[in-house]
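**Q**
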Amino acid sequence: MEREVKTFVIPNELCKRAGITATWLTVDQLSVRAFEKRNIKLPDAPSNFLSDTPSSIFHLRQEVILFHPILRKLVNESCGVFIAVQNLIVNKNPADYKVELFKMSRQYRSIIRACLENLQDDLSEAKGQEKEQLQNYITIFYSVECIWHLCEILFVDIIPGNLVLSQLLEWIRFHFPKHERNAATMLASESVNLETHQDYWNTVFGSLLQGRVKIVRALLRPHSSADHPTFKLVDQVLRAMPICSGVNGTSINEFNIQWRHWTMDVQSKIDAKLFSSEKHLDLIMRLVVGEEKAWIEIQDHCEAWYEFLAGWMFYTEPTAKSFELGQYAKRSITKMRVANNLKHLDRVILAAMEFDIFQVIKEIQHMTENGWFVAHLSDLLFHSSRLTSLEKEVPNFSAEKLRESFILEYGITLMGHKSLWPVGLSYLDHCTHDGNQVIALLLPRIPLDNEAKTLKIIREAKKRDLNDVVQCICKAQGMLSLKRGRIGNALCWALKSQDGPFTSYLADKFLQDYIKNGKLGSTDLLDNLGSCMLVSDRLIFLGKYFEFHKLYQTQKYKEAANLLISLLASKIIPKYFWYVLLIDAIPLLESEELLFSSNDTFTIMHCAEQKEDLPELKDKLNILKLSAARNLARALTYEAQNE
Amino acid sequence: MVASNLGTLKPLSPLTSTIVGLNRMMMVPVYLVIEDWFESIVKHLVPSWLYEVVGLMGANMFLDTDNFVSSSSSGSVYLMRTCQPYNDQIHLKTTTEWKNIHKFDNGEESPCTTLAVYEKNDIITVGEDGCINLLNSQSQRILRKIDNADSCSIHCVIFLKHNEILTSNLRGQMKIWDLRSQNDQPTNNFMLSGDQVTPTCLTYHPTQRHLLITGDDLGALTTWDLRHNTYPINVLNAHEGAISEIQFHPDQPDHLFSCSSAGEIWHWSTKAKTGSSLMPESDPNVWLAHDNVKNKLEVFTLMPTLGKSINTLDLSRNKVICGCDNEAIYLINGVTLC
Amino acid sequence: MFEAQEVNAEHKDLIHDVAYDFYGRRMATCSSDQFVKVWDQNSEGKWILSSSWKAHSGSVWKVTWAHPEFGQVLATCSFDRTAAIWEEIGNIGPNDRGVRHWVRRANLVDSRTSVTDARFCPRWLGLQLATCSAEGIVRIYEAPDIMNLSQWTLQHEVQCRLPLSCLSWNPTMSKMHPPMLAVGSDDQVAANGGKVFIYEYSENSRRWVKLETIGTITDAVHDIAFSPNLGREYHILAVASKDVRIINLVPVENEETLQTGVTKLDVQTVAQFDDHSSLVWRVCWNLTGTVLSSSGDDGLVRLFKMNYINSWKPVAVLKGDTPQTKDSEQRTTSSSSNNGNVISPLSQTARYIKLGTISQPRDVPWH
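Residue numbers (full-length UniProt numbering), protein chains in the order written: chain A, 1 to 643; chain B, 1 to 338; chain C, 1 to 367.
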């Protein structure tokens, strides 16, 4: 959809002279710097911009108002409703959930309302820039609330007989609460000459325009001349005003007849100048019969054209259908002469009244609340089957893709926040097309600040069967531990992801450290490897070698010797470690107690022969051979004696 | 920390659907830190019973009604005091700071994963650097430091006795330490399970301190009798997702509460005893039963699941409070405890 | 709306390249001053210089990070005809705790001319580095043991015959696709034909085969970039040439491709923007491939966005301009506090300024 192309200014002289280039760094951050447009074939030389002023890098980020503490609450709570909507769709058939969707829509609105109240509360204490900021948020979300309410009436609610007026009035009353509030204060004051109140007639006309006839009558009663016959007559006329009760054809016809009779009656009274003594009352009467001139006079009382529209329709077209709303809206705009002066909110409202949903969605993308509104509303409209019908009207349009693009973008925005990312995941989860790929792309990029967070990210990845992501995160965390000198912990992460090569690499590191400083590290870990050592041969070897050490240290030489032999016979000894094992055999061969059988000794001798070229073994080889020969003699003698 | 005053706290206003607010009995209301430099460490600062609302902060424990200890992912530990509220604002003051007492060998800051307190003064902190620190609220000094107590990150710690603590690490290895002993070796160690399961929380029975329950990454509750700790007494596969916290009711130990990363919060209670009450059971604590524990317990869900992780819980009398990943705190009133 | 944080990069000349690590928390910069610098973002969001060293004996053109699962690894390439692999080493020990520095693990000296680009392959292909040079050769190096960064073997040399300026690996996250590379040439002679080449690694012949020369682009190419793939069946390539091009590469399956096992591509130009009205020097995708940024001879950065029906539209422009006095004053104060000895907690916190906007005269208001 089209957007205005805005130009943002980087306040930097060098950037101006040299020109700029950009690189993305995170979901919502862009880095900008001055750069040289250099042809690679030119000789290497300092640029023309070499100077004492060092170059700067600018990190730009999108201003996300949703990350404000108050709005975060809106983000979190609306996520709950969003999930409820998605569950609703999965579990029920479309016929059943219409009513439910309407309820959900109201829940969204009550969240907006709560948010506005919170903003208002904070506004009263705020100062300076903060106040300005809060005021700005309030303006944005008032518009959001107003549009949402209208869209709910027109596109989500099921209006009996399409008689839209009463809902329309309700909408107007909700968003222009001033008159109701004033009327309530005035009536509560129990004053006898209410007309002295400066807002008196304003309130009377305001209430009249909102179709609150009873309040108008109540307000007229405390007027000091309420006993005057004109006042009595007006009260009588208003009391007699017919009310549309049913929605079926007959009751509407009946109402129309009653209405016509009533207006004719009122008109004849006007013509008879029965009200002319009181100009306000005369205006009221001329308004209720829909006199054009009267409605022009009243325009100044209306803050917006749609306030006018609702009143005008109430007295002239009380049984208008929803689909006629657009034409009346346009007429109101013409009457109010505001056609050239429509603001953004006006345009959205007009588009909604004209049932141009496509236009509504187009417009609400510009509301600078970072896509919260458009994502949630278009989702709701999509599930109310309001978007699918557009596919016939708008070329190249796909309702599903449109919905998903908004939800995806909103989810991605949240993924960029350090504590809202789980909320972002909930949205991406409901993007059937690209959601999982985006999760796989963004989840591993969440910084691993601490292990609790790492474990949390891994849980989310596992929940979505993103095994590749799990492995990638474990490895990255393992590398981090390694860098911090926590090799035991690194091994633990390698084991968690069952990452064979990484495990082997770490086991090698343990063995090499042993060669270097004669000590095996992380013994508490090596002592408890259990079955997980099976991930890698190298780790098995390390575990076994550690066991050998333990046996040796606890003077269980016989067991140590047996283990050594089985290690020598196995095929898992790392090349660089052969000589260590062979040298380890020497004291055992030399032990007073006979530890190796002749067969064992042959194994050792065989290994020694094979590995005799090892440089590390050079000075020990003779001792080894000698010990082995001596031990062989002892073993053979012993075996011969015991046969 | 340069400033001693951590800034102004504002009350978290009630959520539309739930009650959050002042609860005198809990001593301190729920607050949301929304400003100043401290924000990066403590996003939602909540007292003792709440922990890790957003995952940035470590643990908080109350020493007494006014003082609590807080750990941070930068490896520092703070002793804080809540100052008397005036208007509706409450101030926190750092009275002691142990800066960077958890640190990796390459000089990087190590997160202090959690801490435990004993009575009013003794504090134990553990970290990803595998180090254990013993602190005292009356002293700026580190009383005892066991460097490299574990090759892996330590994730849980509790006091068993005044001089004895139990730690568990990333891979489920549990170690018991005698703080009086000068050698830096555990007196005992055993495994949670053989499969690299990370324990996420630990608690002991309020009256029988040798009865220990651990919750783990896979949602299982494991019961141990520390008198014979080689293997667990029983393992209950309970929650979906990782168990975030478990707690016995301090006054009514027949009741246990647990919450999980899948957004569940459960109340476990012992079924009314059947059979003759004249026959005293050999061990009346059902958690110590070797088999059929499940049949002896009833589990109630305290709240419909929100689909977001519940990170912490605490309780007092018949109220349960929990902190959730949706940045909200829920108070559940009137939990039946009989 | 955008807000910006300024980092004084401390290079003595313009910065040729900036690269961010996988998490966007570390930054590497390189410049004509032959230095490479590494910056870390602290927990308050401020960028702190952590290392700076003279890496080459000529201009350093490009710098790039390996995936963190290979550790903290950088590659650089330079006018001095070499590419280098760097690893960060932290000293562990009681005395020099916290001292970290970068060591050169490998010096790749096969090129006889300036090495113009160097890029690590996608993570799941292991640790490979592709370089390209002015002499027209793409080289693929590999560390056979990913844990030993000092051993790199030159696995492949691909002759392109035109001076090469840039390359890009296809990041498609699927084991179904063979590895793919796109290479661009800044040869000025249109008669020499297409300037973008697509190569694919053929498992059968164990070499890189040219799949396609994009014939529609005969002007010099200065930068190319594959878009991150969100499970699409085709690949998207952005090309910086005399204009910004967005090209779809759609694999076609027919009997021939099944037989040879070599992918055939259908090349479709889906967008062409001459908004810069001049040469385009750089293109860069955002993480999800929904926004493309381009830099041109007009000195501006332009952002293009894809909408829900995959059509591209310009969305924003960035422009360098003389700072207003107020801003420059603020900057001097903040930089002087950096040089001071006492670092107050305030100066550790990132300071963001709101960016001003101007409306372009040629923009017709949409409404």
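Note that CB positions come from ideal geometry on N, CA and C, so glycine has one too.
On a predicted model such as this, the values are computed, not experimentally measured, just so you know.
Relative to the C-alpha of threonine 23 of chain A, which residue among C/Gly320, C/Trp285, C/Val63 and C/Phe304 is closest?
**A** For the purposes of this step, residue 23 of chain A is taken as the residue at position 23 of the first sequence. Out of C/Gly320, C/Trp285, C/Val63 and C/Phe304, C/Trp285 has the C-alpha closest to the C-alpha of threonine 23 of chain A.
**Q** Is there contact between the stretch 12 to 24 of chain C and the stretch 25 to 44 of chain A, where contact requires at least three CB pairs shorter than 8 Å?
**A** yes
**Q** Between residue 383 of chain C and arginine 100 of chain C, is the Cβ-Cβ spacing less than 7 Å?
**A** As shown, chain C starts at 1 and ends at 367. That puts residue 383 of chain C outside it, with no answer to give.
**Q** Candidates B/Ser258, B/Gly241 and B/Glu119: which alpha carbon is nearest phenylalanine 248 of chain B's?
**A** Reading the second sequence from its first residue, position 248 is the one you call residue 248 of chain B. When each option's Cα is compared against that of phenylalanine 248 of chain B, the closest is B/Ser258.
**Q** In chain A, which residues lie with their C-beta within 9 Å of the C-beta of isoleucine 198 of chain C?
**A** Locating residue 198 of chain C in the third sequence gives position 198, counting from the first residue. Correct list: empty, because the minimum Cβ distance to chain A is about 21 Å.
**Q** Leaving out five residues before and five after isoleucine 70 of chain A in sequence, what residues of the same chain have Cβ atoms less than 7 Å from its Cβ?
**A** For the purposes of this step, residue 70 of chain A is taken as residue 70 along the first sequence, with counting starting at 1. The answer, listed in chain order, is Cys115, Asn118, Leu119 and Asp122.
**Q** Using the C-alpha atoms, what's the distance from histidine 301 of chain A back to histidine 179 of chain A?
**A** Taking the first sequence and counting its residues from 1, the one referred to as residue 179 of chain A is at position 179. Taking the first sequence and counting its residues from 1, the one referred to as residue 301 of chain A is at position 301. Going by the C-alpha atoms only, they are around 11 Å apart.
**Q** Count the other C-beta atoms from every protein chain shown that fall within 10 angstroms of the C-beta of lysine 43 of chain B, then say buried if there are 16 or more, exposed otherwise.
**A** The residue labelled residue 43 of chain B in the question sits at position 43 within the second sequence. The predicted model places lysine 43 of chain B with a pLDDT of 31, which falls under 50 and marks its position as unreliable; any figure quoted below should be read in that light. Residue environment for lysine 43 of chain B: buried (at least 16 other C-beta atoms within 10 angstroms of its C-beta).
**Q** Cβ closer than 8 Å: which chain B residues qualify as neighbours of glycine 485 of chain A?
**A** As a position in the first sequence, residue 485 of chain A is number 485, starting the count at 1. In chain order: Phe104, Asp105 and Asn106.
**Q** By the DSSP assignment, the alpha helix (DSSP H) with tyrosine 330 of chain B in it spans what residues?
**A** The residue given as residue 330 of chain B occupies position 330 in the second sequence. Tyrosine 330 of chain B -> not in any alpha helix (DSSP H); beta strand (DSSP E) instead, spanning 329 to 332.
**Q** Could you list which residues in chain A have their beta carbon closer than 9 Å to that of histidine 16 of chain C, in chain order?
**A** As a position in the third sequence, residue 16 of chain C is number 16, starting the count at 1. In chain order: Phe35, Glu36 and Arg38.
**Q** Have a look at the DSSP bridge pairing and note the partners of aspartate 314 of chain B.
**A** Sequence index remark: in the second sequence, residue 314 of chain B carries index 314 (1-based). DSSP output for aspartate 314 of chain B lists B/Ile321 as bridge partner(s).
**Q** CA-CA distance, tyrosine 231 of chain B and methionine 191 of chain B?
**A** Translated into positions along the second sequence, residue 231 of chain B becomes position 231. Translated into positions along the second sequence, residue 191 of chain B becomes position 191. Between tyrosine 231 of chain B and methionine 191 of chain B, the C-alpha separation is close to 8 Å.
**Q** Among C/Lys46, C/Arg112, C/Val301 and C/Thr29, which one has its Cα closest to the Cα of glutamate 6 of chain C?
**A** Translated into positions along the third sequence, residue 6 of chain C becomes position 6. Comparing Cα-Cα distances from glutamate 6 of chain C to each of C/Lys46, C/Arg112, C/Val301 and C/Thr29, the minimum goes to C/Lys46.
**Q** Please check if any C-beta of chain A sits within less than 7 Å of the C-beta of tyrosine 20 of chain C.
**A** Locating residue 20 of chain C in the third sequence gives position 20, where the first residue counts as 1. It does; some Cβ of chain A falls within 7 Å.
**Q** Strictly by DSSP, which residues pair up with proline 251 of chain C?
**A** As a position in the third sequence, residue 251 of chain C is number 251, starting the count at 1. According to DSSP, proline 251 of chain C bridges with C/Leu265.
**Q** Rounded to the nearest angstrom, what separates aspartate 195 of chain B and alanine 220 of chain B at their Cα positions?
**A** Counting from 1 along the second sequence, the entry for residue 195 of chain B is found at position 195. Counting from 1 along the second sequence, the entry for residue 220 of chain B is found at position 220. Cα-Cα distance, rounded: 13 Å.
**Q** Based on Cα-Cα distance, which residue from B/Gln182, B/His205 and B/Asn100 lies nearest to proline 253 of chain B?
**A** As a first step, residue 253 of chain B is located in the second sequence; it is residue number 253 there, counting from the start. When each option's Cα is compared against that of proline 253 of chain B, the closest is B/His205.
**Q** For leucine 626 of chain A, count neighbouring Cβ atoms within 10 angstroms of its own Cβ and tell me buried if that reaches 16, exposed if not.
**A** To locate residue 626 of chain A, count along the first sequence from 1; it is residue 626. Within a 10 Å sphere around the beta-carbon of leucine 626 of chain A sit fewer than 16 other beta-carbons, which makes this residue exposed.
**Q** Going along the chain, which residues of the stretch 510 to 538 of chain A sit with their C-beta nearer than 9 Å to a C-beta in chain B?
**A** So the list reads Gly521, Ser522, Thr523, Asp524, Leu525, Leu526, Asp527, Asn528, Gly530, Ser531 and Cys532, given in the order they occur along the chain.
**Q** What residues from chain A crowd round aspartate 217 of chain B, counting only those whose CB sits closer than 7 Å?
**A** Stepping through the second sequence from its first residue, residue 217 of chain B is reached at position 217. Leu455, listed in chain order.
**Q** How about serine 78 of chain A: is its C-beta nearer than 7 Å to some C-beta of chain C?
**A** Working through the first sequence from its first residue, we reach residue 78 of chain A at position 78. No, serine 78 of chain A does not count as interfacial toward chain C.
**Q** Decide if isoleucine 637 of chain A is buried, meaning its Cβ has at least 16 other Cβ atoms within 10 Å, or exposed.
**A** Along the first sequence, one-based indexing puts residue 637 of chain A at 637. What sits at residue 637 of chain A in the sequence shown is threonine, not isoleucine. Threonine 637 of chain A is exposed by the Cβ-count criterion.
**Q** Taking a Cβ distance cut-off of 8 Å, strictly less, list which residues of the stretch 430 to 458 of chain A are near chain B, in chain order.
**A** Asp449, Asn450, Glu451, Ala452, Lys453, Leu455 and Lys456
**Q** Hey, serine 165 of chain C and histidine 222 of chain C: beta-carbon distance below 7 Å or not?
**A** Locating residue 165 of chain C in the third sequence gives position 165, counting from the first residue. Locating residue 222 of chain C in the third sequence gives position 222, counting from the first residue. In contact: serine 165 of chain C and histidine 222 of chain C (Cβ atoms closer than 7 Å).
**Q** Who are the neighbours of glycine 90 of chain C on chain B, taking C-beta pairs under 7 Å?
**A** Numbered from 1 along the third sequence, position 90 holds the residue referred to as residue 90 of chain C. Within 7 Å Cβ-Cβ: Asn106.
**Q** Measure the beta-carbon distance from serine 105 of chain A to glutamate 152 of chain A and round it to whole angstroms, keeping in mind my assumption that it falls under 8 Å.
**A** Working through the first sequence from its first residue, we reach residue 105 of chain A at position 105. Working through the first sequence from its first residue, we reach residue 152 of chain A at position 152. That pair is a contact at about 5 Å.
**Q** Would you mind listing the beta strand (DSSP E) stretches within the stretch 164 to 190 of chain B that are 3+ residues and don't spill past its ends, in chain order?
**A** 164 to 169 and 173 to 178
**Q** Any residues in the stretch 38 to 67 of chain C with a beta carbon nearer than 7 Å to a beta carbon of chain B? Which ones, in chain order?
**A** Ser43 and Glu44
**Q** Closest Cβ-Cβ distance between valine 348 of chain A and chain E: below 7 Å?
**A** No chain E appears in the structure shown, which is made up of the protein chains A, B and C.
**Q** Grouping DSSP H, G and I as helix and E and B as strand, with all else coil, what is tyrosine 576 of chain A?
**A** By one-based count along the first sequence, residue 576 of chain A stands at place 576. Reduced to three states, the DSSP call for tyrosine 576 of chain A is helix.
**Q** Using the DSSP secondary-structure output, state which residues sit across from histidine 255 of chain B in a beta bridge.
**A** The residue given as residue 255 of chain B occupies position 255 in the second sequence. Histidine 255 of chain B is bridged to B/Ser269.
**Q** Closest Cβ-Cβ distance between asparagine 107 of chain C and chain A: below 7 Å?
**A** Translated into positions along the third sequence, residue 107 of chain C becomes position 107. No, because no Cβ of chain A sits closer than 7 Å to the Cβ of asparagine 107 of chain C.
**Q** Can you pull the DSSP bridge partners for serine 56 of chain A?
**A** Residue mapping note: residue 56 of chain A aligns to position 56 of the first sequence, counting from 1. Its beta-bridge partners are C/Asn8.
**Q** Let me check one thing: in DSSP terms, what residues is glutamate 88 of chain C bridge-paired to?
**A** For the purposes of this step, residue 88 of chain C is taken as the residue at position 88 of the third sequence. The partner list for glutamate 88 of chain C (beta bridge, DSSP) reads C/Trp102.
**Q** For leucine 621 of chain A and glutamate 609 of chain A, I'd like the C-alpha separation in whole angstroms.
**A** In the first sequence, the residue the question calls residue 621 of chain A occupies position 621. In the first sequence, the residue the question calls residue 609 of chain A occupies position 609. Cα-Cα distance, rounded: 9 Å.
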